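Below you'll find the structure, written out as structure tokens, and then a few comments.
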């Protein structure tokens, strides 16, 4: 994976992040939510994007915008691989950008829903790719390049009707406030080790109702969310080099090391040690 932390915001613990990722045949990324917006551009191959409970076929040239509270992951067929590039943006910067540009104002909801997915023409895909490659170059860290790149991506999304209608939430209700609050609390690294029973009680819903809501609004189980939070805590420790792998796993809530290693390899495609060797000291924005 090519990954670059290319701009840190003065006075904030936020940064922007770009990464090129290849997903091998039969592999998948792990379902997750986050508190920042993120663009994804398919560079080659094809696969499936699981997005707020929907399955969307994606291929070379597909551009997608993921907003905070979206739950998603990518899956690859058993016969081929694909490569994508993702651009994650600091949430505060994104609000400033959309407010100034009028793209999607944070002050009032747009109507109709903003375009969130588009199959780009060959020309538009090449233009987006050119700007994203500029950001991946270690010498291209200037804010002006970031602004131009995001402007190109936004224009590309708005250049044609959305083939998916009003976006991934079409036909689906918004997740209830209590569930979104639960997801936000799960993102806290200090909460990762708490048992699943804690989150069931925290929801103030019956286990059956909680399970139905997770499947309906997030397309996953509560267990999936807890495991993702624990893996993110382990990876943060691996980046910082703050302890042995076994200690990090136990501290994050994994009680069985064999299960932890299998889960980590399934999610990241490599062992924790190999992952740490290539990510030590890197940025902490999850992909």
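In our numbering, the protein residues as written are 157 to 443.
Heads up, the beta-carbon is just placed ideally off N, CA and C, and yes, glycines get one too.
All figures in this text were calculated on a predicted structure; none of them were measured in a lab.
Contact with chain D by residue i, beta-carbon distance below 9 Å
i: residue 428; result: Going by chain labels, chain D is absent from the structure shown, which holds only one protein chain.
Rounded Cβ spacing between residue i and residue j (contact assumed at less than 8 Å)
i: residue 192; j: residue 387; result: Not really, about 18 Å apart at Cβ, beyond 8 Å.
i: residue 180; j: residue 247; result: That pair is no contact at about 31 Å.
i: residue 370; j: residue 377; result: 6 Å
i: residue 375; j: residue 209; result: 4 Å
i: residue 393; j: residue 381; result: Actually they are not in contact, since the Cβ atoms of residue 393 and residue 381 sit about 19 Å apart, beyond 8 Å.
i: residue 427; j: residue 417; result: 7 Å
i: residue 274; j: residue 312; result: 7 Å
i: residue 401; j: residue 379; result: That pair is no contact at about 22 Å.
Check whether residue i and residue j have beta carbons under 9 Å apart
i: residue 241; j: residue 177; result: yes
i: residue 341; j: residue 225; result: no
i: residue 182; j: residue 276; result: no
i: residue 221; j: residue 292; result: no
i: residue 184; j: residue 244; result: no
i: residue 384; j: residue 349; result: no
i: residue 397; j: residue 367; result: no
i: residue 453; j: residue 223; result: This structure does not reach residue 453, given that the chain is present from 157 up to 443, and the question cannot be answered.
i: residue 395; j: residue 345; result: no
i: residue 307; j: residue 373; result: no
i: residue 334; j: residue 359; result: yes
i: residue 239; j: residue 288; result: no
i: residue 189; j: residue 339; result: yes
i: residue 253; j: residue 303; result: yes
Identified DSSP bridge partners for residue i
i: residue 238; result: 179
i: residue 274; result: 219
* Using 8 Å as the Cβ pair cut-off and three pairs as the minimum, do the stretch 202-209 and the stretch 226-233 touch? -> They touch, by the three-pair rule.
* Asked: Which residue spans inside the stretch 359-389 form an unbroken beta strand (DSSP E) run of at least 3?
  -> none
* **Runs of beta strand (DSSP E) lying entirely within the stretch 185-254, each at least 3 residues, in chain order** => 194-200, 202-207, 210-215, 218-222, 228-231, 238-244
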